[in-house]
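Those sequence lines, one after another, are chains A and B. Residue 254 is where the first sequence ends in our numbering, and the numbering goes up by one at each step. Residue 254 is where the second sequence ends in our numbering, and the numbering goes up by one at each step. Idealized CB from N, CA, C, for every residue including glycine.
There are 2 protein chains.
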Amino acid sequence: MTDDVRWLTADEQRAWRAWLDAHAWLSARLNRELQTGSGLSLSDYDVLVHLTDVPEGRLRAFELGQGLQWEKSRVSRQVSRMAERGLVAREAAPEDGRGAYVVLTESGRRAIEEAAPAHVELVRRLLFDGLTPAQVQTLEEVAGSVVRRLGKS
Amino acid sequence: MTDDVRWLTADEQRAWRAWLDAHAWLSARLNRELQTGSGLSLSDYDVLVHLTDVPEGRLRAFELGQGLQWEKSRVSRQVSRMAERGLVAREAAPEDGRGAYVVLTESGRRAIEEAAPAHVELVRRLLFDGLTPAQVQTLEEVAGSVVRRLGKS
DNA sequence: GACAGGTAGTTGCCGCGACAACCACATTCC
DNA sequence: GGAATGTGGTTGTCGCGGCAACTACCTGTC
């Protein structure tokens, strides 16, 4: 209402816009490359990464959701789509009648093992090859600061 | 295939994950706050910003697309939704029979003027208040580097 | 002025994502 | 043990976003 808003400085505006741009371009590019290269979306990839990170390649749906910071409805639908394509399977949880496990299939494991090298290579080429170690360090600090601030309101 | 992939170092992995996390949380939060506070989405907001930046508050659809780095289909649909809500209006371009202008309405101008202060305040609180000027500078460098690298393949 | 190629914009289709409503089972409290 | 409350998952609805197909128009070139 009044004029005592603390607007952004020119530097801040540039940094803010640059960040938004960089993220938009980068994720679009990674998604596209992943899609055409291996038929996976970034979301598929993330799910598969989480499943391969864990012994047995099986997680309760809600655990997957926590790891990915996803809504449960998002988890549910993503798993449905992936299950249709054979990348994962659902299994009832014997110890909890409500629960469901999401299990990595052989085909899912193969898919991510084939997709990962090119994906990582692209992240490296587009992001890290252009940065000094100090910049990498600062990037982590900055991102960390945001996450911490989001934590407390 | 072979094992000569240059995987990410631990530092790089942390920075990468932190970036993805920070962006996911931040944009979710900004979107939510904007939505509940003023009924606008981030996309609505971006369109309105671009229109207010320009004299007369009118842009050809393709110009808007260039400014936002959006697909033309995305522009078209976004404008349709916003036009339904009275935030913008479409106008035929007299000088090009194919063309369409997107025009800021009074109601659109009011909407962004009401939404902007809280939005900027939130960006400041969640992002810039936690950063030193040097960090802001580095953030811009990093993001800029990514955008430049995306330019050339 | 006709035809080829390019450009502006819309639409269909599908995958993605948030929110809310809902179902089923678990837990707690009496 | 039965009601109240909580938790894990699914589904409906709607807005968002990319790609490809399509229409309409413009800009050459001959």
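| Query | Result |
| --- | --- |
| When the Cα atoms are used, what is the spatial distance from H151 of chain A to L165 of chain A? | 7 Å |
| Considering only the alpha carbon of each residue, which of A:T206, A:R249 and A:L223 lies closest to V247 of chain B? | A:L223 |
| How many Å lie between A193 of chain A and R199 of chain A at the Cα? | 8 Å |
| Which same chain residues end up closer than 8 Å to G140 of chain B when comparing Cβ atoms and leaving out the 5 residues on each side of it in sequence? | A212 |
| Mapping the DSSP letters down to three states, classify L135 of chain B as helix, strand or coil. | helix |
| Name, going along the chain, the residues of the region 151-166 of chain B whose beta-carbon falls closer than 8 Å to a beta-carbon of chain A. | none |
| Are the Cβ atoms of D145 of chain A and M183 of chain A separated by less than 8 Å? | yes |
| Identify the residues that DSSP records as bridge partners of E192 of chain B: which are they? | B:Y202 |
| Examine chain A for any beta-carbon lying closer than 8 Å to the beta-carbon of Q179 of chain B, and answer yes or no. | no |
| Answer yes or no: does any C-beta atom of chain A fall closer than 8 Å to that of G209 of chain B? | no |
| What residues from the region 107-131 of chain B come within 8 Å of chain A, judged by C-beta to C-beta, listed N to C? | R107, W108, L109, D112, E113, R115, A116, W117, A119, W120, D122, A123, H124, A125, W126, L127 and R130 |
| Determine the burial state of T233 of chain A: buried for a count of at least 16 other Cβ atoms within 10 Å of its Cβ, exposed for fewer. | exposed |
| Between the region 216-235 of chain B and chain A, which residues of the former have a C-beta closer than 9 Å to a C-beta of the latter? | A217, P218, A219, V221, E222, V224, R225, R226, L227, L228, F229, D230, G231, L232, P234 and A235 |
| Compute the distance between the beta-carbons of L188 of chain A and G158 of chain A, then report whether it is under 8 Å. | no |
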